[in-house]
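Under the working numbering, the first residue of the sequence shown is numbered 2, with each subsequent residue one higher. For every residue, glycine included, the Cβ atom is placed at its ideal position computed from N, Cα and C. Take a look at the structure below.
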Amino acid sequence: MDPDPPRVSLLAKRAEAVQRLRGLEASFTDIVEAAQDSNLDDEHDPEGTTVAVSRAQVSSLAAETRLQLVAIDAALVRVQTGTYGVCSQCGAMIAPARLEALPATTKCISCAQLVNRARD
Ligand SMILES: [Zn+2]
């Protein structure tokens with residue numbers, strides 16, 4: 002068995018996110034270049050709107066992935082400092098199944114549900 006499973010799974014998630022970010026950045030460049038090549042008028046050409054929409058989608062996905070990376074890095078720090086798997090809200094241990102599904106989570110299931118309820 003691996004002596005440090007959280008770290009290993011976090012590093013795997015991190016590699017995945019970096020890969021995804023690279024792909025998104027590449028497609029963003031493609032979209033921008035395609036738009037420049039075709040010399041579309043964003044305001045009057047319906048194709049121009051499509052370009053703007055896909056550009057917005059790609060950049061919001063990239064922003065989301067960057068946030069994931071930040072969360073994963075923070076979790077790696079917690080692994081190092083020995084606070085990984087402890088709920089930042091109530092200090093309880095986060096269930097292993099939850100950590101497996103969301104390795105970068107900082108809250109136990111009850112606290113996460115409270116936050117979601119507060120948002121609604
Ligand atoms: Zn909690």
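Rounded to whole angstroms, what is the Cα-Cα separation between Thr106 and Asp38?
Going from the Cα of Thr106 to the Cα of Asp38 covers about 43 Å.
Contiguous alpha helix (DSSP H) assignments of at least 4 residues, all confined to the region 52-119
For the region 52-119, the continuous alpha helix (DSSP H) assignments of 4+ residues that do not extend past its boundaries occur at 97-102, in sequence order.
Rounding to the nearest angstrom, what Cα-Cα distance links Met2 and Val52 in this structure?
Residue placement at Met2 cannot be trusted, given a pLDDT of 45 that sits under 50; the coordinates are not used to answer.
On the CB-based measure, 16 or more other CB atoms within 10 Å of its CB, does Gly86 come out buried or exposed?
The residue in question, Gly86, is buried, as its Cβ has 16 or more Cβ neighbours within 10 Å.
Test item: CB-CB of Lys14 and Ile110 under 7 Å:
No, these two residues do not count as a Cβ contact at 7 Å.
Ligand 1 heavy atoms versus the CB of Ala63: any closer than 6 Å?
Checking the Cβ of Ala63 against ligand 1 gives no.
Counting along the chain, where does the alpha helix (DSSP H) carrying Asp38 start and finish?
Asp38: member of the alpha helix (DSSP H) spanning 6-39, first to last residue.
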